[in-house]
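Trainee: Residues 1 to 89, numbered by UniProt numbering, are exactly what the sequence shown covers, in order. By construction, the Cβ of each residue, glycine as well, lies at the ideal position given by its N, Cα and C atoms.
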Amino acid sequence: MLGDNLKALRTASALMNKATDAGEKFTRDDLQKARRAFASMISRVEESQAKLAPGTPQHTLLQSRLRALRVAEALIRAELGRVSEQAKP
């Protein structure tokens, strides 16, 4: 699971840094695995955040983490859609 999460984070980082323009291409399967990894990370952070009182430093940290994970997940979904469109004949 840790390996999948790290790969998903690297994929999102590459998309954020526009590394795909430099020739790095992601397969549909890679992007789907990354999307699943992000969904899992988001779910775990949401569960952890629900146990904390709003306004605490830990709650705020998890809120920021959720925002970042959701942005990364959106980039993965957008790239997955782009790859899927290119695959159509």
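1) In angstroms, rounded to a whole number, what distance separates the CA positions of residue 33 and residue 12?
2) Is the separation between the beta-carbon of residue 38 and that of residue 72 shorter than 8 angstroms?
3) In angstroms with no decimal places, state the Cα-to-Cα distance between residue 8 and residue 17.
4) Applying the 10 Å Cβ sphere with the 16-neighbour rule, what's the burial state of residue 10?
5) Who are the near neighbours of residue 88 in its chain, counting only those whose CB is closer than 6 angstroms to its CB and skipping five residues on each side?
6) Using beta-carbon positions only, say whether residue 65 and residue 45 come within less than 8 angstroms of one another.
7) Using a 10 Å radius around the Cβ and a threshold of 16 neighbouring Cβ atoms, would you call residue 6 buried or exposed?
Mentor: Result, derived from the coordinates:
1) By 1-based counting over the sequence shown, the position of residue 33 is 33. By 1-based counting over the sequence shown, the position of residue 12 is 12. Roughly 12 angstroms between the two C-alpha positions.
2) Here the question's residue 38 lines up with position 38 in the sequence shown. Here the question's residue 72 lines up with position 72 in the sequence shown. Result yes, Cβ atoms of residue 38 and residue 72 sit closer than 8 angstroms.
3) The count along the sequence shown starts at 1 and reaches residue 8 at position 8. The count along the sequence shown starts at 1 and reaches residue 17 at position 17. Roughly 14 angstroms between the two C-alpha positions.
4) Looking up residue 10 in the sequence shown gives position 10. Exposed: under 16 other Cβ atoms inside 10 Å.
5) Here residue 88 is taken as the residue at index 88 of the sequence shown, counted from 1. Excluding positions up to five away in sequence, the list is empty.
6) Here residue 65 is taken as the residue at index 65 of the sequence shown, counted from 1. Here residue 45 is taken as the residue at index 45 of the sequence shown, counted from 1. Closer than 8 angstroms, so yes.
7) By one-based count along the sequence shown, residue 6 stands at place 6. Label assigned to residue 6: exposed.
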